Each structure stands twice: as structure tokens, then as C-alpha cells.
Amino acid sequence: MVIEWLKVMVDPDVREQFVQTDEEIWTAALAEYPGFLGKDVWISPDNLAEVILIVRWSSFAAWDAIPPAELEQIEARFREAMGDTYEIVGSARYQVRKFMRQ
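Just so you know, we're using this note's numbering here: the sequence shown kicks off at -8 and counts up by one.
In C-alpha cells:
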């Protein structure tokens, strides 16, 4: 499993709208791809403008298989819905080497 980590700064007045719209547009679109395993959204009680997105993929190859043109279309829909209320300020890729058992 691999992780896509995104740090987003969001206008605090629309943070909940951002989380909901992200679920409706981005998460729904990514869920159509076979390598998508799930997504977590972390919000900070100490910084109302900060949102962390954790996207789980089966592999880097599965993640990279999404056509860039499709990603651009999804982002355009999201940007249309949210306007200039957010900015991605950090991103990283990780490979999970150890899994927690429940």
C-alpha cells in the first residue's frame, strides 16, 4: 500500500464545505479506479485552516495510472465548486512497510 499525503490550507469559514465537497467530487471520482483503497480527512482543532488528506492506493503504479487529463477535469470541477478558498501547500508520497492488525 502507498499513501498520497496532501496538506491544504482552507478558508476556515468554508472548511466543512471543503470536506463535504471533497468527498462528493474527489473521493467519488477516485473511487472509480481499481487501485483506490480509501481516504481519510484530518482536521486540526488547533488550526482551523489546515486540512490533511490521506489517500490510500494499492501501489504507485495504480495511482499513476489515472490519466492526467482526468485529474485536471476533476480539479476543474472541484475548483468551480470551491473557488479560490483553498491551496495545496504540501504533498508527499509514502510506501507503507508495516500494517497494524486489529
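Where is the CB? At the ideal position from N, CA and C, for every residue including glycine. Note that the structure is a prediction, hence the values are computed from the model and not measured.
In the DSSP assignment, what residue or residues form a beta bridge with residue i?
{"i": "LEU88", "result": "The residue asked about is misnamed: residue 88 is Arg in this sequence, not Leu. According to DSSP, ARG88 bridges with nothing at all."}
{"i": "SER35", "result": "Answer is none; SER35 lacks a bridge partner."}
{"i": "TRP(-4)", "result": "ILE45 and ALA83"}
{"i": "VAL1", "result": "TYR77"}
Given this structure, state the Cα-to-Cα distance separating residue i from residue j, to the nearest angstrom.
{"i": "LEU21", "j": "LEU44", "result": "13 Å"}
{"i": "GLU61", "j": "ARG88", "result": "30 Å"}
{"i": "TRP48", "j": "ASP55", "result": "10 Å"}
{"i": "ALA72", "j": "THR12", "result": "8 Å"}
{"i": "ILE79", "j": "PRO59", "result": "17 Å"}
{"i": "LEU(-3)", "j": "LYS30", "result": "11 Å"}
Here's the rule I'm using: 16 or more other beta-carbon atoms within 10 Å means buried, otherwise exposed. How should residue i be labelled?
{"i": "TYR85", "result": "exposed"}
Between residue i and residue j, how many whole angstroms is the CB-CB distance? I'm expecting something under 8 Å.
{"i": "VAL(-1)", "j": "VAL46", "result": "In fact, because the Cβ distance is near 12 Å, the residues do not count as touching under 8 Å."}
Whole runs of the alpha helix (DSSP H) within the stretch 24 to 86, excluding any shorter than 4 residues: Within the stretch 24 to 86, the runs of alpha helix (DSSP H) at least 4 residues long that lie entirely inside it are, in chain order, 51 to 55 and 59 to 73.
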